[in-house]
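In what follows, a structure is listed as structure tokens, so that the remarks can point back to it.
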Amino acid sequence: MKEMNALPKKIAVLMGGPGSERDVSLATARGVAKALRSRGAEVFEIDVRDENFELPKDIDLAFLAIHGTFGEDGQLQQILENRGVPYTGDGVEQSRTAFDKIESKKRFEAAGITTPRWQVIDANEKPTLPVPLVIKAPRQGSTVGVYIIKEAGKLETVLAEARKFDRQLLVEEFVPGRELTIGILGDQALPILEILRSFPKAAFTISPTSIHFSTRKPAAARNMFVRRKLKRN
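Under our numbering, think of the first position of the sequence shown as 1056, with each following residue one higher.
Here it is in structure tokens:
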């Protein structure tokens, strides 16, 4: 996308999308539209259901608020590139790579970034990594198609569920601990966020419950996280 210093006057907020995260995308977009209007922008909320969506004429910027498939995997970015419409976020190839968990793992390792042990399994294959492990559909957004397996007896059931999303799956060793994330805006590191999740006893899927600003990270640890994040980007 093109860099813009001033807030564009006419902004199309692209929302919804055809993927499994449509509802949360609509909620995100409404918040974005409200914030942009408060800054004086003329905002058009565009409910995107397929690639044939229409945009108002003379749009200065498309703000991408579509989560998951289509919105984050390079498809929407390519459509906007073809139309010559500036948009927020990464470009086509960067979006495609970041959205693909398998390709991302390869890039992390090539950059010398430590990741959990992993393997890719195709249809009818079983993992060789021992439990506990994590099964991931590699091309879904958020935690869609992500499962934690702590008992070997649950494996077949979870594999069947995960393969509803993709026949090729990413398998990782399960690493217990706290989940931290750092946003990068240009070359500026934003505050560390800790993601708190709920793991119901009888459930395989991951359910995010809340996030909060972390105040328990030493400066040295924060600097390490930031360096790795910038290197990855």
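For glycine and all other residues, C-beta sits at the position ideal for the given N, C-alpha and C.
Only a predicted model underlies this, so the values are computations on that prediction, with no experimental measurement involved.
Three-state secondary structure (DSSP) of residue i
i	result
V1087	helix
F1118	strand
D1078	helix
V1098	strand
E1195	Note on identity: in this sequence residue 1195 is Gln, with Glu being the wrong assignment. In this structure, Q1195 counts as coil in the three-state DSSP scheme.
Q1149	helix
T1236	strand
Q1130	helix
G1200	coil
R1092	helix
G1208	helix
E1228	strand
K1156	helix
L1214	helix
E1109	coil
L1069	strand
L1062	coil
A1257	With a pLDDT of 42 at A1257, under the threshold of 50, the modelled position of this residue cannot be trusted; read the value that follows with caution. Correct three-state label for A1257: coil.
Cβ neighbours of residue i in the same chain (closer than 7 angstroms, five flanking residues each side left out)
i	result
R1094	L1062
L1188	P1182, I1204, V1226, E1227, E1228 and F1229
E1136	V1147
A1217	I1190, A1192, G1200, Y1202 and L1224
I1157	V1175, P1193 and L1225
T1152	E1158, S1159 and R1162
T1170	K1160, F1163 and E1164
Contact set for residue i: own chain, Cβ-Cβ below 8 angstroms, skip 5 residues either direction
i	result
L1210	K1181, P1182, V1186 and I1204
L1245	I1237, G1238 and I1239
D1221	A1192, P1193, R1194, Q1195 and G1200
T1083	M1070, A1120 and H1122
R1172	L1184, E1227 and E1228
L1214	K1181, I1190 and L1224
Nearest-angstrom Cβ-Cβ length linking residue i and residue j, presumed shorter than 8 angstroms
i	j	result
I1134	E1106	6 angstroms
S1150	Q1132	5 angstroms
K1064	E1109	Incorrect: roughly 19 angstroms between the Cβ atoms, too far for contact.
I1250	E1234	5 angstroms
L1291	I1114	Residue 1291 is absent from the structure shown; the chain starts at 1056 and stops at 1288.
Q1223	D1177	5 angstroms
Cut-off 6 angstroms between Cβ atoms - residues of its own chain near residue i, not counting five sequence neighbours on either side
i	result
P1111	F1099
A1207	V1186
P1072	It should be noted that the sequence gives Gly, not Pro, for residue 1072. Excluding positions up to five away in sequence, the list reads S1080, V1103, I1121, F1125 and G1126.
I1266	For I1266, the predicted structure reports a pLDDT of 49, less than 50, and the residue's modelled location is therefore unreliable. The matter cannot be settled from this model.
L1116	P1063, I1066 and P1141
A1258	Interpretation of A1258 is limited by its pLDDT of 44, a score under 50 that renders its predicted location unreliable; no figure is taken from the coordinates.
Take every Cβ of the stretch 1118-1129, pair it with every Cβ of the stretch 1083-1092, and state whether three or more of those distances are shorter than 8 angstroms. By the Cβ test, the stretch 1118-1129 is in contact with the stretch 1083-1092, since at least three Cβ pairs between them sit closer than 8 angstroms.
Sequence ranges, beta strand (DSSP E) only - wholly within the stretch 1160-1188, length at least 3: Listed in chain order, they are 1173-1176.
Would you call the stretch 1158-1168 in contact with the stretch 1133-1142, where contact means no fewer than 3 C-beta pairs closer than 8 angstroms? At 8 angstroms Cβ cutoff, the stretches do not touch.
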